[in-house]
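First up is the structure itself, then whatever we jot down about it.
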Ligand code: AMP
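In my numbering, the protein residues as written are 5 to 546.
Here it is as structure tokens:
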């Protein structure tokens, strides 16, 4: 017997309809790339998202065609989020921090049709447009009078002129909630990047879950400043959860330095924020140097890489801000666990509480997790035994876009590539990464990419790239190199060799010449051993 309740698909358009109907005067504040502060409301977002939808229809885009963005966190980006997905297109948020060659590869793989970009990313678009044959329309996120006349980009449109002539009425189409809504590429540890393709259903379920009290605890009374970029797994789902609750949104645009973010938090009464540890490091330094305090901020989600204990302490003890340590992945939309204490743990002494807060936290309802040994046997939740972390749930990836990499699942579970412990209360802690990618400032650096470049130098026989701990960036790459005996190359020459071959911030901080790189039985480089050998190494910048 089936239930007799109404059957409505979970669609992203319903979020913006809801925000318009119930929170039409809810504020959205953005620091624009132009430098000024822009203010409007959820009601305005809804109107302009409809204009975006009409404008996309005007380009004759088909259902599921990809609409790409290269943009900071801002109100126009938000309108495209709802206008593209709501009208049945797939929002593809490109990461502007990638090297232009990577942007080209990803845009071609995604078969993007439209690219909307902030003017600060014009040089990237100029570098890539001739190599992206599927992109037929380029839209600069600016007023008509700010559109450059000599950009070299054919048929470049101004966003304001493009949507300005469109009606703000639009009937959102109804379709299968499992239809694709947005996509995000994750740097492949082996081979090319692969894309997670989110659905309307997965996005809405994630939006509900993220707003729960033991997760991000988002409500209509919050003013949220997502420092996490909208091109990093949809800003961890905050734009959707904000529409679902009617929370105020405050967008920092391209001004991501500690001072600008602090000023915006204070000026707009921000209660809540989210970002990777690196950004907070900059802000805490700014606040300490200038003897500043928060007026309204009470909590912040920190994730993407492990949050250092000193940061949790500083937020809590010096500024009265609760840190919610979170773990997730692009493949998980991204939220998997969040560290909020249980009632019984509130009675523990501060140090014992801190030990729990350092963990990545408890699974959110909707995410099931387990740790397994090499043979796939489930391991105990004792807080000590560690194993490969596997997850499953309705917002966890089932397959990569275009089936890249084959079937990623193991008996229906997604292997995260992380190694973790889980304690008896269900708190998970990442102990290691089974992958060797390097996390710098919350962004991936593929060690293989770096090694491939180094190996292209004639004097390099073998190269292994590993991450070294760095107080500001979390990790910075260095490359260990075995030279050809008959050739000479200096450290500086090798570092120079990287120029132009990868993004600047991905270039290793140092080259260490070694006699040999430890190899395993099958001839694979053993990076764990290499790290041991270099345990007394110090980055030149420290
Ligand atoms: P991404 O797909 O770029 O978001 O990266 C996901 C990976 O980042 C995870 O598989 C973890 O290795 C790492 N990660 C995310 N959050 C945390 C955290 N709180 N602590 C440690 N590692 C994390």
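Yeah, the Cβ is synthetic: ideal placement off N, Cα and C, and Gly gets one too.
Residue nearest to residue i in terms of C-alpha spacing, selected from the options
i           : options            : result
residue 175 : 57, 231, 450, 236  : 57
residue 215 : 342, 190, 268, 196 : 342
residue 272 : 237, 279, 225      : 225
residue 231 : 197, 277, 248, 237 : 277
residue 190 : 302, 298, 113, 148 : 113
residue 308 : 455, 292, 279      : 279
residue 229 : 141, 27, 374, 243  : 243
residue 427 : 494, 365, 399      : 365
residue 100 : 83, 86, 544, 76    : 76
residue 323 : 353, 352, 305, 291 : 291
residue 421 : 376, 347, 222, 296 : 376
residue 367 : 378, 84, 219       : 219
residue 370 : 506, 205, 227      : 205
residue 172 : 81, 248, 118, 52   : 52
residue 380 : 372, 373, 359, 392 : 392
residue 247 : 513, 268, 222      : 222
Neighbourhood of residue i by C-beta distance below 7 Å, restricted to the same chain and skipping five residues each side
i           : result
residue 320 : 326, 327
residue 534 : 468, 470, 484, 521, 522
residue 241 : 210, 211, 214, 337, 339
residue 531 : 440, 468, 470
residue 2   : Examination of residue 2 is not possible in this model, given that the chain is present from 5 through 546 alone.
residue 418 : 335, 394, 395, 396, 400, 401, 412
residue 257 : 34, 35, 36, 37, 76, 77, 78
residue 492 : 463
residue 26  : 250
residue 282 : 445, 446, 476, 477, 478
residue 259 : 35
Heavy atom of ligand 1 within 7 Å of residue i beta-carbon
i           : result
residue 333 : yes
residue 53  : no
residue 329 : yes
residue 512 : no
residue 452 : no
residue 299 : no
residue 489 : no
residue 308 : yes
residue 364 : yes
residue 120 : no
residue 90  : no
residue 425 : no
residue 190 : yes
residue 237 : yes
residue 422 : yes
residue 338 : yes
residue 469 : no
residue 509 : no
residue 311 : yes
residue 417 : no
residue 448 : yes
8 Å Cβ shell around residue i - same chain, five flanking residues per side excluded
i           : result
residue 3   : The chain is shown only over 5 to 546; residue 3 falls outside these bounds and no answer can be derived.
residue 130 : 155, 156, 157
residue 150 : 38, 123, 144, 162
residue 496 : none
Beta-carbon gap between residue i and residue j smaller than 8 Å
i           : j           : result
residue 479 : residue 521 : no
residue 68  : residue 186 : no
residue 459 : residue 331 : no
residue 509 : residue 444 : yes
residue 390 : residue 423 : yes
residue 128 : residue 107 : yes
residue 91  : residue 126 : no
residue 333 : residue 285 : no
residue 329 : residue 303 : no
residue 98  : residue 235 : yes
residue 515 : residue 499 : yes
residue 457 : residue 502 : yes
residue 481 : residue 454 : yes
residue 160 : residue 117 : no
Neighbourhood of residue i by C-beta distance below 6 Å, restricted to the same chain and skipping five residues each side
i           : result
residue 208 : 14
residue 526 : With a pLDDT of only 39 at residue 526, under 50, the local geometry of the prediction cannot be trusted, and the value read off the model is given with reservation. Once the five neighbours on either side are set aside, residue 526 has no close Cβ partner at all.
residue 287 : 262, 265, 266
residue 170 : 55, 58, 59
residue 409 : 198
residue 313 : 362
residue 200 : 188, 334, 335, 401
residue 165 : 148
Distance cut-off 7 Å: residue i Cβ against heavy atoms of ligand 2
i           : result
residue 434 : Ligands displayed in this structure: ligand 1; ligand 2 is not among them.
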